[in-house]
Amino acid sequence: MVREFTRYRYWSERQIRALGRDNGLHLGSSWRLSTASTPSSLFGISLPVVGIQRAEGRERSRKQVADRLVRALRGRIAVTYDEPQVLLASGVGKVAFSAFTDGPAREKGIVLHARTENGSGQRVDLCLFGSVDNMADFSAGEAVEGSSSSAWYAVAELLTSRGARNSSQWDEPGLAIEALKIALGDRERGEDGSPHEPWIRPWALGHATDVEWLAVIYSDVTLDPERWNFSGTTLEGTQRIIVGAPLWVRTATSKAVVRYADLRQPPTVGLAAWRRLR
16 MVREFTRYRY WSERQIRALG RDNGLHLGSS WRLSTASTPS SLFGISLPVV GIQRAEGRER
76 SRKQVADRLV RALRGRIAVT YDEPQVLLAS GVGKVAFSAF TDGPAREKGI VLHARTENGS
136 GQRVDLCLFG SVDNMADFSA GEAVEGSSSS AWYAVAELLT SRGARNSSQW DEPGLAIEAL
196 KIALGDRERG EDGSPHEPWI RPWALGHATD VEWLAVIYSD VTLDPERWNF SGTTLEGTQR
256 IIVGAPLWVR TATSKAVVRY ADLRQPPTVG LAAWRRLR
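Okay, structure coming up:
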């Protein structure tokens with residue numbers, strides 16, 4: 016029986032429409048954006064404030080648009096990650112959401128982290144950077160703040176150039192590792208050295224279980240084990256890191272999403288809720 020995913024927790028209209036145009040796909044006209052005069056920015060890119068006007072032509076639902084895109088690009092979307100390099104990636108499972116709030120994207124950025132294995136047992140970590148404005152569940156400033164990453168501008172350059180530029184001190188593998196550190200968001204630990212509980216970990220916003228997602232990829236790195244040794248660190252076991260931007264995340268029910276802001280209650284309340292939702 017095929018499961019129908021009907022609730023979209025993340026949806027990037029701009030990324031989806033751009034991918035469709037680049038591949039000659041007519042995805043239907045559901046809305047037209049009209050610009051206003053006051054700009055904002057994300058990852059250093061000026062973004063106009065937009066108004067929404069109904070466009071002429073046939074209106075398609077998000078599910079129709081998403082399914083049409085997948086059908087057209089199916090042969091180029093990584094599912095098993097047995098390919099050495101991927102340009103589009105998909106997955107089903109657990110996704111963690113964290114704030115990415117350094118620099119120009121302060122209170123605007125979000126990073127999704129998913130983990131899987133390919134057919135040969137290689138661990139694959141995916142770090143997908145997007146905008147909190149495209150989220151249905153989280154708002155700016157919800158996360159517990161922590162230390163900032165020194166790699167913020169380098170990661171932002173990777174994203175804005177779609178993987179074409181890297182003028183930082185890190186080579187591509189080094190920058191991928193920095194992106195994963197940001198996505199994991201657990202650089203700060205308790206006094207005994209153990210990681211914080213997820214709902215109080217710096218920058219963590221929440222997670223969703225049993226979800227489906229699609230992303231466009233800008234960097235795909237398999238690490239050389241002779242160069243990188245993560246034994247005893249939070250990165251232990253890391254083998255391959257993929258960095259990109261999410262197109263959508265969709266779930267079957269609203270209960271799939273756990274918001275850590277709801278769990279940061281008095282200890283007994285938060286712990287009881289966490290045990291129910293694990």
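Numbering-wise (this note's numbering), the sequence shown opens with residue 16 and increments by one. A virtual CB, placed ideally from N, CA and C, is assigned to each residue, including glycine. As the structure is a prediction and not an experimental result, all values here were calculated from the model.
Measuring only the C-alpha atoms, how far is residue i from residue j?
{"i": "proline 168", "j": "alanine 219", "result": "In the sequence on display, residue 168 carries tyrosine and not proline. Approximately 20 Å between the Cα atoms of the pair."}
{"i": "isoleucine 197", "j": "serine 76", "result": "33 Å"}
{"i": "aspartate 277", "j": "isoleucine 257", "result": "30 Å"}
{"i": "glutamine 184", "j": "arginine 91", "result": "32 Å"}
{"i": "aspartate 225", "j": "serine 105", "result": "13 Å"}
{"i": "phenylalanine 115", "j": "leucine 199", "result": "11 Å"}
{"i": "arginine 29", "j": "valine 159", "result": "29 Å"}
{"i": "arginine 69", "j": "tryptophan 214", "result": "Per-residue confidence for arginine 69 stands at a pLDDT of 49, beneath the threshold of 50, marking its modelled position as unreliable; no derived number is given."}
{"i": "leucine 143", "j": "leucine 127", "result": "5 Å"}
{"i": "proline 240", "j": "lysine 109", "result": "26 Å"}
{"i": "serine 27", "j": "leucine 34", "result": "11 Å"}
{"i": "leucine 88", "j": "valine 231", "result": "12 Å"}
{"i": "valine 139", "j": "serine 154", "result": "28 Å"}
{"i": "lysine 123", "j": "valine 170", "result": "15 Å"}
{"i": "arginine 279", "j": "glutamate 212", "result": "10 Å"}
{"i": "alanine 223", "j": "leucine 84", "result": "23 Å"}
{"i": "valine 101", "j": "aspartate 235", "result": "7 Å"}
{"i": "glycine 221", "j": "valine 272", "result": "7 Å"}
{"i": "glutamine 189", "j": "threonine 175", "result": "Reading off the sequence, residue 189 comes out as glycine, not glutamine. Near 18 Å, if we compare the C-alpha coordinates of threonine 175 and glycine 189."}
{"i": "glutamate 251", "j": "glutamine 137", "result": "13 Å"}
{"i": "leucine 238", "j": "asparagine 133", "result": "15 Å"}
{"i": "tyrosine 233", "j": "alanine 191", "result": "10 Å"}
{"i": "glutamate 187", "j": "threonine 249", "result": "20 Å"}
Should residue i be labelled buried (16 or more other beta-carbon atoms within 10 Å of its own) or exposed?
{"i": "lysine 270", "result": "exposed"}
{"i": "threonine 95", "result": "exposed"}
{"i": "alanine 179", "result": "exposed"}
{"i": "threonine 21", "result": "exposed"}
{"i": "serine 135", "result": "exposed"}
{"i": "alanine 151", "result": "exposed"}
{"i": "tryptophan 46", "result": "Below a pLDDT of 50, predicted positions are generally treated as unreliable, and tryptophan 46, at 44, falls in that range; the measurement from the model is reported next regardless. Its Cβ having fewer than 16 others within 10 Å, tryptophan 46 is exposed."}
{"i": "arginine 177", "result": "exposed"}
{"i": "asparagine 149", "result": "buried"}
{"i": "glycine 247", "result": "exposed"}
{"i": "arginine 86", "result": "exposed"}
{"i": "arginine 242", "result": "exposed"}
{"i": "threonine 131", "result": "buried"}
{"i": "arginine 265", "result": "buried"}
Residue range of the beta strand (DSSP E) that residue i falls in?
{"i": "tryptophan 167", "result": "Per DSSP, tryptophan 167 belongs to no beta strand (DSSP E); it is in the alpha helix (DSSP H), 167 to 175."}
{"i": "alanine 194", "result": "Segment 187 to 199 is the alpha helix (DSSP H) holding alanine 194; no beta strand (DSSP E) there."}
{"i": "alanine 111", "result": "103 to 115"}
{"i": "arginine 83", "result": "Element bounds for arginine 83: not the beta strand (DSSP E) but the alpha helix (DSSP H), 77 to 88."}
{"i": "glycine 259", "result": "255 to 266"}
{"i": "glycine 124", "result": "124 to 132"}
{"i": "tyrosine 25", "result": "22 to 26"}
{"i": "aspartate 140", "result": "138 to 146"}
Closest to residue i by C-alpha separation, out of the options, would be which residue?
{"i": "leucine 42", "options": "Tyr25, Asp82, Thr21, Trp26", "result": "Asp82"}
{"i": "arginine 216", "options": "Glu241, Ser162, Ala194, Ala230", "result": "Ser162"}
{"i": "arginine 274", "options": "Ser146, Phe112, Leu229, Ser182", "result": "Phe112"}
{"i": "isoleucine 31", "options": "Arg22, Thr21, Val80", "result": "Val80"}
{"i": "serine 165", "options": "Val139, Leu195, Ser176", "result": "Leu195"}
{"i": "arginine 24", "options": "Gln280, Trp228, Pro213", "result": "Trp228"}
{"i": "glutamate 157", "options": "Ile125, Ser105, Leu103, Leu250", "result": "Ile125"}
{"i": "glutamate 172", "options": "Asp148, Ser154, Gly259", "result": "Gly259"}
{"i": "asparagine 38", "options": "Pro99, Ser27, Leu103, Lys78", "result": "Leu103"}
{"i": "aspartate 97", "options": "Thr268, Ala267, Arg265, Arg255", "result": "Arg255"}
{"i": "valine 147", "options": "Trp263, Glu193, Glu241, Arg86", "result": "Trp263"}
{"i": "threonine 253", "options": "Tyr233, Val85, Thr266, Glu193", "result": "Glu193"}
{"i": "proline 261", "options": "Pro99, Lys78, Ala129", "result": "Ala129"}
Identify the continuous alpha helix (DSSP H) that holds residue i and give its terminal residues.
{"i": "aspartate 152", "result": "First-last for aspartate 152: undefined, no H or E at that position."}
{"i": "tyrosine 96", "result": "Taken as a continuous stretch (DSSP letters only), tyrosine 96 belongs to no alpha helix (DSSP H), as it is neither H nor E."}
{"i": "alanine 276", "result": "275 to 278"}
Q: Run through the region 216 to 241 for me and flag every whole beta strand (DSSP E) of 3 or more residues, listed as ranges in chain order.
A: 219 to 237
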